[in-house]
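Engineer: There's a structure below that I have some questions on.
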Amino acid sequence: MIKVRTGHAVDPEIRKQGSSGGVISALLTHLLESGKVDFVAQIATTQQNPLANELQISRTREDVIRAAGSRYAPSAPLRTLRDLLATGQKFAFVGKPCDIAALRRYSEFNEDIKTQVPYMLSFMCAGIPSMRGTYEVLEKLGADRTKLTSFRYRGDGWPGMTRAVQTDGQSFEMDYNTSWGTILGKHLQFRCKICPDGTGEFADVVCADAWYGKDGYPDFAEHDGRSLVLSRTQSGEALIQTAIENNSIDVSNLLTKEIALMQPYQVLRKKVALGRTIATFFSRGRMPIYRRLGLFRASIMINPIIWLRHAWGTYRRANGE
Ligand SMILES: Cc1cc2nc3c(=O)[nH]c(=O)nc-3n(C[C@H](O)[C@H](O)[C@H](O)COP(=O)(O)OP(=O)(O)OC[C@H]3O[C@@H](n4cnc5c(N)ncnc54)[C@H](O)[C@@H]3O)c2cc1C
Ligand code: SF4
């Protein structure tokens, strides 16, 4: 069951700090305040270094707001999973689609995950850039990465500006089109190039940018924040329903076919994922095995020439060309 909506957080501070409409943060705050979970396990920057990601245990709305926003840099939210489970408490988990796929699969062998992690939330993911991407953004901005008090990739607007602030008070800004479009997107890790699940197929709820279309492409001009919201399981749908009743989020229904207009890149990468994976095998002699992701069906929905072109590009990249 998939139910598709667009929406935003009702709390103006959450909407402002959120990456798109702040729906993930609004759902997390609702879960904490209604007592459905004891804490949230999510990624935030460390207290010491605004460029470094770490797992944050959030117990209040303020904690959740501190972690809101997208960080286009490596994260490992499952690294301390054993410690989280050892608390014996219930928690909501937020991770990239690949983190959620791993956690969901592991839950088939671990009863504690089934009882202690009732909600798994994710976001659509085009890939994680390496830290070199962030360093290049800072270089282009002219900021000194050893003297930062804060850094955000986007937010405080939609999509909002990339913003670095130094200890001497100097601040530097760059728009999303430039930071993601011309720098960060070029530093994606190879595993992301052959990822078959950028849309969080194993999560209870997945959010993404509900971009407005312009000439058939997403328009990255500034607007009021708006999320695309997909509930994928019964518990995900129940969570959305109670968050609506509780006035945590404001939503409108959407037809499934409209997702493709907002997320054309995700549609394309699903259709070429099998070709890219096979190309990896021919290039490196090994490849990941994916099951039940409908990759063959997706492959035959695209022009074979485009499919081959993507496979060839991956073959060359995997060869280090
Ligand atoms: C690596 C990456 C790739 C993305 N690719 C796409 C894309 O292809 N299409 C698209 O529409 N949107 C993409 N996004 C943005 C994503 O759509 C938005 O985060 C999503 O719309 C949720 O918005 P929100 O306002 O509801 O979330 P918010 O309320 O801002 O919450 C964001 C949540 O994501 C968590 N988070 C942030 N960065 C990371 C990270 N690196 N690892 C793990 N958790 C993290 C935070 O802890 C927070 O809980 C990407 C984000 C990231 C971090
Ligand atoms: S693109 Fe796929 S593999 Fe890469 S971080 Fe996102 S979900 Fe994980």
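Just so we're aligned: the sequence shown equals residues 1119 to 1439 in my numbering. For each residue, glycine too, the CB sits at the ideal point set by N, CA and C.
1. If we count the other Cβ atoms within 10 Å of its Cβ and call it buried at 16 or more, is Arg-1123 buried or exposed?
2. Tell me where the alpha helix (DSSP H) around Cys-1310 begins and ends.
3. Between the alpha carbons of Gly-1403 and Pro-1314, how many angstroms are there, rounded?
4. By a C-beta neighbour count over all protein chains shown, 10 Å radius and 16 as the cutoff for buried, is Lys-1388 buried or exposed?
5. I need the DSSP call for Met-1238, collapsed to helix, strand or coil.
6. Residue range of the alpha helix (DSSP H) that Gln-1135 falls in?
7. So what's Tyr-1335 in DSSP terms, helix, strand or just coil?
8. At a cut-off of 6 Å, would you count Val-1141 as near ligand 1, judging by its Cβ distance to the nearest heavy atom?
9. Should Ile-1312 be labelled buried (16 or more other beta-carbon atoms within 10 Å of its own) or exposed?
10. Work out the CA separation of Ile-1161 and Ser-1268 for me, nearest whole Å.
11. Does the beta carbon of Cys-1216 fall short of 6 Å from some heavy atom of ligand 2?
12. Keeping to the same chain, check which residues put their C-beta closer than 6 Å to that of Lys-1265; ignore five residues upstream and five downstream.
13. Determine the direct distance from the alpha carbon of Phe-1320 to that of Arg-1197, and round the result to whole angstroms.
14. DSSP three-state call for Met-1292: helix, strand or coil?
15. Between the Cα of Arg-1415 and those of Asp-1262, Gln-1207, Leu-1392, spot the shortest distance and give me the residue it belongs to.
16. Closest by CA to Gly-1487, which one among Thr-1398, Ala-1261, His-1305?
17. Quick one: Cα of Gln-1307 to Cα of Gly-1125, how far?
18. Under the three-state reduction of DSSP, which class applies to Leu-1146: helix, strand or coil?
19. Compute the Euclidean distance between the alpha carbons of Ala-1339 and Met-1292, then round it to the nearest angstrom.
Structural biologist: In short:
1. Burial call: buried.
2. Here the alpha helix (DSSP H) through Cys-1310 covers 1308–1311.
3. For Gly-1403 and Pro-1314, the distance between alpha carbons rounds to 19 Å.
4. Counting other Cβ atoms within 10 Å of its Cβ, Lys-1388 reaches 16 or more and is therefore classed as buried.
5. DSSP places Met-1238 in the strand class (E or B) of the three-state scheme.
6. Element bounds for Gln-1135: 1130–1135.
7. Strand.
8. Relative to the non-hydrogen atoms of ligand 1, the Cβ of Val-1141 comes within a distance shorter than 6 Å of at least one.
9. Buried is the call here.
10. Taking the Cα positions, Ser-1268 is about 16 Å away from Ile-1161.
11. Result yes, Cβ under 6 Å from ligand 2.
12. The residues are Gln-1284, Thr-1285.
13. Counting only the Cα atoms, Phe-1320 lies some 19 Å from Arg-1197.
14. For Met-1292, the three-state secondary structure derived from DSSP is strand.
15. The shortest C-alpha separation from Arg-1415 is found at Leu-1392.
16. Given a span of 1119 to 1439 for the chain in the structure shown, any question on residue 1487 remains unanswerable.
17. About 30 Å.
18. Looking at Leu-1146 - three-state DSSP - the assignment turns out to be helix.
19. Cα to Cα, Ala-1339 sits roughly 13 Å from Met-1292.
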